[in-house]
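> In the working numbering, the protein residues as written are 5 to 465. Backbone N, C-alpha and C define an ideal beta-carbon position, used for all residues, glycine too. What you are looking at is a predicted structure, and each value in this text was computed from that prediction instead of being measured. The following block contains the structure, expressed as structure tokens.
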């Protein structure tokens, strides 16, 4: 695997040198598998193996880029692409800054996030996983749907400056299972992220779905009044909101473009709850870490938030060049975010429901159709949809119809945080609509936040 990629990259490097082209090459290969269910049956079962090459030619302040889906065995086509990008750079409009050309000082080989057993997962094993999750939960009214996506991703880099190669390989799986009522039109779901085969836990997903299904079939359904609630957010909600916040607010280039609610003046200030710490950790394999960035920067843990204090912005090499900043090793396909856990011993939905309470609590496991309302003010919106529960002070449980919340990031992660679960979980935020790029966060299983405002409440499912 590594030798074939390395041989190809060194062959292409030699050709670029022969042609007098100052070239940086980024290699991406994916071996992807997808099994999709609809109405309790397989609706799609497919796989694809793709190789992409990102070619960047440099000439002073001029830079040209060329992307292609390539056959690694078709050297003639790839060499023509190198010729093309070499011609393009001669006509490129100069940048208003000096771009850094990648110079790799050493070979890098990082397979820490690779599991051969997960890479070799079979169709029979994917189907068995779905069957184990479904168990006896399906009926004439309750139907199963969902996705099991897994694969292997290779990223590698070389440039004409040296013959050193960077090579990164990882495996991942992202599973979503939805149970829906044909008659009442409600849905409950469960999700799982896996970096190794042993991470797969269909029984855990089955237990969560069975518990939700019991309440959705037997508990009273209610329309909640709009207003403020104490809310326990599940890992899906926490992961999606945290990922959006870091991407918009803590990226240096976003600040310069006016998309962040944070500013350089906020560095060193208590912006968030003292319970919150957020680190980009290149040593956590379960969140698909990478030891070096695409420019050869050897990465170290980078603190975004420490005990609620904002520590600084992430700078990729190109943005750092443009805005005259120091790069922080963030020319990477994704961050590897780790959010601190708390001290509340709540590790499962069952434990959350059994926890003593003296007031009503709204449980929102998932935020659907999440979007930014005003990035410079840090305002986002989304709706509950999947699996929300209303935990009454008297110990009973109701099923709320879909509600919408529109909040600031600092509402969810600021002084209103009441507690955070001591249980860590991994939530997968990978996109399935572009090149394979496994991305996940290690986060608390639950976060409880007071005074979250519900701005809209549906009168039915």
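Skipping 5 residues on each side, what residues in its chain have a beta carbon closer than 8 Å to that of residue 131?
39 and 46
> Using DSSP's beta-bridge definition, name the partner residues of residue 279.
Paired residues: none, contrary to the question.
> Closer than 8 Å is the cut-off here; do at least three beta carbon pairs connect the segment 200-219 with the segment 122-141?
yes
> By how many angstroms is the C-alpha of residue 461 removed from the C-alpha of residue 165?
One Cα belongs to residue 165, the other to residue 461, and the distance between them is close to 59 Å.
> Considering only the alpha carbon of each residue, which of 168, 264 and 205 lies closest to residue 9?
168
> Counting only the same chain and skipping the five closest in sequence on each side, list residues whose C-beta sits under 6 Å from that of residue 347.
Taken in chain order, the residues that qualify are 426.
> Buried or exposed: where does residue 202 fall if 16 or more other Cβ atoms within 10 Å of its Cβ makes it buried?
Classification of residue 202: exposed, given that the 10 Å Cβ count is below 16.
> Would residue 163 be called buried (16 or more neighbouring beta carbons within 10 Å of its own) or exposed?
buried
> Quick one: what's got a C-beta closer than 7 Å to residue 311's C-beta in the same chain, skipping five residues either side?
The residues are 278 and 281.
> Roughly how many whole angstroms lie between the Cα atoms of residue 398 and residue 352?
Rounded to the nearest angstrom, the two C-alpha atoms are 20 Å apart.
> Any chance the segment 17-36 sits against the segment 435-448, with 3 or more Cβ pairs inside 8 Å?
yes
> Measuring only from the beta carbon, is residue 421 closer than 6 Å to any heavy atom that is part of the ligand ADP?
By its list of ligands, the structure shown contains no ligand whatsoever, and the ligand ADP lies outside what it can speak to.
> Can you tell which of 159, 151 and 366 has the C-alpha that lies nearest to the C-alpha of residue 232?
366
> Contact between the segment 292-301 and the segment 108-125: three or more CB pairs below 8 Å?
yes
> So, do the segment 324-344 and the segment 179-191 have three or more beta carbon pairs nearer to each other than 8 Å?
no
> Candidates 104, 205, 377 and 158: which alpha carbon is nearest residue 178's?
205
> Which term fits residue 415, buried or exposed, when burial requires 16 or more other beta carbons within 10 angstroms of its beta carbon?
Flag for residue 415 reads buried.
> Can you give the Cα-Cα distance for residue 372 and residue 388, rounded to whole angstroms?
C-alpha of residue 372 to C-alpha of residue 388: approximately 6 Å in a straight line.
> Among all the DSSP beta bridges, which residues are the ones paired with residue 96?
Answer by DSSP bridge pairing: none, since residue 96 is not bridged.
> Just to confirm the assignment, what range does the beta strand (DSSP E) spanning residue 254 have?
Element bounds for residue 254: n/a, residue is neither H nor E.
> Measuring CA to CA, which of 133, 244, 83 and 316 is closest to residue 273?
It is 316 whose Cα lies nearest to the Cα of residue 273.
> Roughly how many angstroms separate the alpha carbons of residue 322 and residue 350, rounded to a whole number?
About 43 Å.
> Could you spell out where the alpha helix (DSSP H) holding residue 219 opens and where it closes?
206-222
> Secondary structure at residue 182, three-state DSSP: helix, strand or coil?
strand
> Which stretch, first to last residue, makes up the beta strand (DSSP E) that contains residue 367?
365-368
> Using 8 Å as the threshold, is the segment 62-69 in touch with the segment 83-102, meaning 3 or more CB pairs across them?
yes
> Below 8 Å on the Cβ atoms is my guess for residue 25 versus residue 86; work out the distance and round it to an integer in Å.
6 Å
> Please report how far the alpha carbon of residue 276 lies from the alpha carbon of residue 412, in whole angstroms.
12 Å
> In whole angstroms, what is the alpha-carbon distance linking residue 376 and residue 127?
Each residue's alpha carbon lies about 38 Å from the other.
> So, under 8 Å CB-CB, residue 301 and residue 331 are touching, yes? Tell me the CB distance rounded to an integer number of Å.
6 Å
> Look at the Cβ atom of residue 265, then the Cβ atom of residue 380, and state whether they are nearer than 7 Å.
Contact check for residue 265 against residue 380 passes: the beta carbons are separated by less than 7 Å.
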